[in-house]
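Asks: Numbering (the numbering used here), first residue to last: 15 to 272.
Provided herewith is a single structure, encoded as structure tokens, for subsequent inquiry.
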């Protein structure tokens with residue numbers, strides 16, 4: 015299903031998105047050496063419930079996971095890149111941590127992810143380069159979005175940045191439509207051909223999420239049935255924003271205070 019939202023619904027999405035952005039930045043600031051991933055999950059749960067919102071993850075049970083997910087945020091460390099299931103692990107200085115969060119509030123969802131190096135980017139230069147590449151790719155994808163653009167235009171913009179940075183691109187998982195539910199059509203691959211796919215129009219909300227692994231495009235799944243890791247054990251990074259297509263471009267909804 016491809017859902018086109020009304021201006022009122024997009025406005026509600028903006029509020030949800032700001033909450034997602036604020037929670038991610040709050041958790042990032044609190045995540046230091048020694049922080050346990052289960053603490054991060056508990057902090058996130060409290061902030062979601064205090065805001066009168068709902069987690070999109072707790073009862074999430076898609077075909078590709080061993081559901082329900084049962085937690086409030088995805089926490090992926092180092093070689094883990096997607097759907098990281100929070101567990102009893104304390105962060106070390108220099109760990110590369112991805113936080114991925116989706117929330118539903120007032121009937122509209124928003125989804126975003128950030129990756130950062132615990133203790134600062136200087137502790138893990140390779141991780142910093144991966145993160146920077148995904149951030150540039152996300153900026154390129156957003157810049158390509160607007161009414162009349164095609165999904166392939168966004169995929170091509172994202173993929174060009176990632177491949178020029180020297181990283182293989184996996185096409186199993188990518189961006190997606192979002193609205194009254196977290197995952198909707200259209201799928202937004204992280205590489206593709208321009209001029210192909212669904213034509214964007216105002217009211218469409220998309221979650222764009224470039225992610226890469228340093229030296230492989232192959233994923234493996236943990237025994238937990240959820241956490242996806244690089245097949246070679248290399249470092250990974252993932253950056254995501256929810257955007258709304260407007261009459262004259264695209265607006266990022268998942269910035270803190272947006």
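Glycine is no exception: its CB is placed at the ideal position from the N, C-alpha and C atoms.
Smallest Cα separation from residue 137: which of 121, 26 and 46?
Replies: 46
Asks: Output the residue ranges of the alpha helix (DSSP H) runs that lie fully inside the segment 106-189 and measure 4 residues or longer, sorted by chain position.
Replies: Taking only runs of at least 4 residues, the alpha helix (DSSP H) segments lying wholly in the segment 106-189 are 139-157 and 165-178.
Asks: Here's the rule: buried if 16 or more other CB atoms are within 10 angstroms of the residue's CB, otherwise exposed. What is residue 16?
Replies: exposed
Asks: Just the C-alpha distance for residue 245 and residue 109, rounded to the nearest angstrom, thanks.
Replies: 18 Å
Asks: Leaving out the 5 sequence neighbours to the left and right, which residues in its chain are closer than 7 Å to residue 274 when beta-carbon positions are compared?
Replies: No answer is possible for residue 274: the residues shown for the chain start at 15 and end at 272.
Asks: Around the Cβ of residue 164, are there at least 16 other Cβ atoms within 10 angstroms (buried) or fewer (exposed)?
Replies: buried
Asks: Beta-carbon within less than 6 Å of residue 29's beta-carbon, same chain only, minus the 5 sequence neighbours each way: which residues are those?
Replies: None.
Asks: Can you round the beta-carbon distance between residue 105 and residue 37 to whole angstroms, since I take them to be within the 8 Å contact cut?
Replies: With a contact defined as Cβ atoms closer than 8 Å, residue 105 and residue 37 miss out at about 18 Å.
Asks: Could you check where the beta strand (DSSP E) with residue 235 kicks off and where it finishes?
Replies: For residue 235, the enclosing beta strand (DSSP E) starts and ends at 233-235.
Asks: Quick check on the DSSP output: the beta strand (DSSP E) that includes residue 18 runs from which residue to which?
Replies: DSSP places residue 18 in no beta strand (DSSP E); its state is neither H nor E.
Asks: Could you please give the first and the last residue of the uninterrupted alpha helix (DSSP H) stretch that includes residue 57?
Replies: 51-64
Asks: Tell me, which residues are paired with residue 191 by DSSP?
Replies: BP columns for residue 191 point to 198 and 220.
Asks: Take residue 90 and list the residues in its own chain whose beta-carbon comes closer than 6 Å to its own, dropping the five residues that flank it on each side.
Replies: 98 and 112
Asks: Using three-state DSSP, classify residue 40 as helix, strand or coil.
Replies: Residue state, collapsed to three classes: helix.
Asks: In whole angstroms, what separates the C-alpha of residue 65 from that of residue 117?
Replies: 11 Å
Asks: Please report how far the alpha carbon of residue 26 lies from the alpha carbon of residue 122, in whole angstroms.
Replies: If I take the Cα positions, the gap works out to 6 Å.
Asks: Considering Cα atoms alone, identify which of 228, 254 and 265 is closest to residue 248.
Replies: 228
Asks: Taking just the CA atoms, how far does residue 48 sit from residue 222?
Replies: Whole-angstrom Cα-Cα distance: 31 Å.
Asks: Assuming residue 88 is part of the beta strand (DSSP E), what are its boundary residues?
Replies: 88-91
Asks: How close, in whole Å, do the beta carbons of residue 172 and residue 151 come, if the pair is a contact with beta carbons under 8 Å?
Replies: 5 Å
Asks: In the structure shown, what three-state DSSP assignment does residue 242 receive?
Replies: strand
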